[in-house]
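Per the working numbering, the sequence shown starts with residue 695, numbered consecutively. Note that the Cβ used here is the ideal one computed from N, Cα and C, for glycine as well. This one's a predicted model, so the numbers in the text were calculated from it and none came from an experiment. Inspection log for the structure reproduced underneath, given as structure tokens.
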Amino acid sequence: MFNQFHAVGMIEFTSIAAGIEAADRMVKSAQVEPFMLKTICPGKFVAAVYAEVASVQASIGAGLTCAKGFVVDHFVIPNIDQSVIRAISSAVESVHGAALGIIETFSAASSIVAADVAVKTANVDLAEVRIAMGLGGKAFCLLSGNVGPVEMAVSAGAGSAAARGLLVRKVVIPSIAPQVLRHIL
């Protein structure tokens, strides 16, 4: 589905109707493929597409124009890290290392961007990206590995969300209890 030449773009909408209308415009305006079109809590809609960078940029631009006034957040990520796609899809590989990093954000889009920045910053595993289902519109990502790299990754990823005013909190737990880890993953 994705390869290293694909970009991913997403728009998060405050209105389901506006989101569906914009998704239609996004797909019709450029050579893109949708990979996530769905409602999320609380009553929001996300539309995500993938293709070559220029096509994704054109598609996101069309969606933003169509749904002006109903956009919470958006992004275009060229060469998205494949672990981010797996983590969004819940296809998580095993967690390695003792440390657990958590980046909690106010939007689904900012959490995905934070996850991509984090895994590109340091040698960590992305355990999960959970977006806005049963979370009151918030999202979070979980990173694991050795303490130093997890701290670097969390700092960088959280910094990207903070720069957009969308960071709730960042936490690094140096040695997560296995009993806790089993219940949160």
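The alpha-carbon separation between Ser749 and Ile806 amounts to approximately 20 Å. Under the three-state reduction of DSSP, His768 is assigned to strand. In the three-state DSSP reduction, Met730 falls in the strand class (E or B). Taking a contact to require three or more Cβ pairs closer than 8 Å, the stretch 731-744 and the stretch 831-851 qualify as touching. At a cut-off of 3 residues, the continuous stretches assigned as beta strand (DSSP E) that sit fully inside the stretch 776-840 are 793-799, 819-825 and 833-839.
Looking at the DSSP output, Ile705 shares a beta bridge with Ala741 and His768. Inclusion of Ala812 and Ser838 in the CB contact set at 7 Å is not warranted, their separation being larger than that value. For the pair of segments examined, the stretch 863-876 was found to touch the stretch 839-849: the number of CB pairs separated by less than 8 Å reaches three. By the C-beta density criterion, Arg824 is buried, having at least 16 other C-beta atoms within 10 angstroms.
Bounds of the beta strand (DSSP E) holding Arg863 are Leu861 to Ile867. In this chain, the alpha helix (DSSP H) harbouring Cys760 covers Val747 to Cys760. Using a Cβ distance threshold of 7 Å, Asp767 and Lys814 do not count as a contacting pair. For Pro736, there is no enclosing alpha helix (DSSP H), as DSSP gives it neither H nor E.
Leu879 is the residue among Pro728, Ser753, Leu879 and Glu715 whose C-alpha sits nearest the C-alpha of Gly795. The C-beta separation of Ala852 from Ala808 comes to about 6 Å, placing the pair in contact by the 8 Å criterion.
Following the DSSP letters along the chain, one finds Gln725 in no alpha helix (DSSP H), marked with neither H nor E. Spanning the alpha carbons of Ile754 and Ser804 requires a straight line of approximately 15 Å. For Arg876, the three-state secondary structure derived from DSSP is helix.
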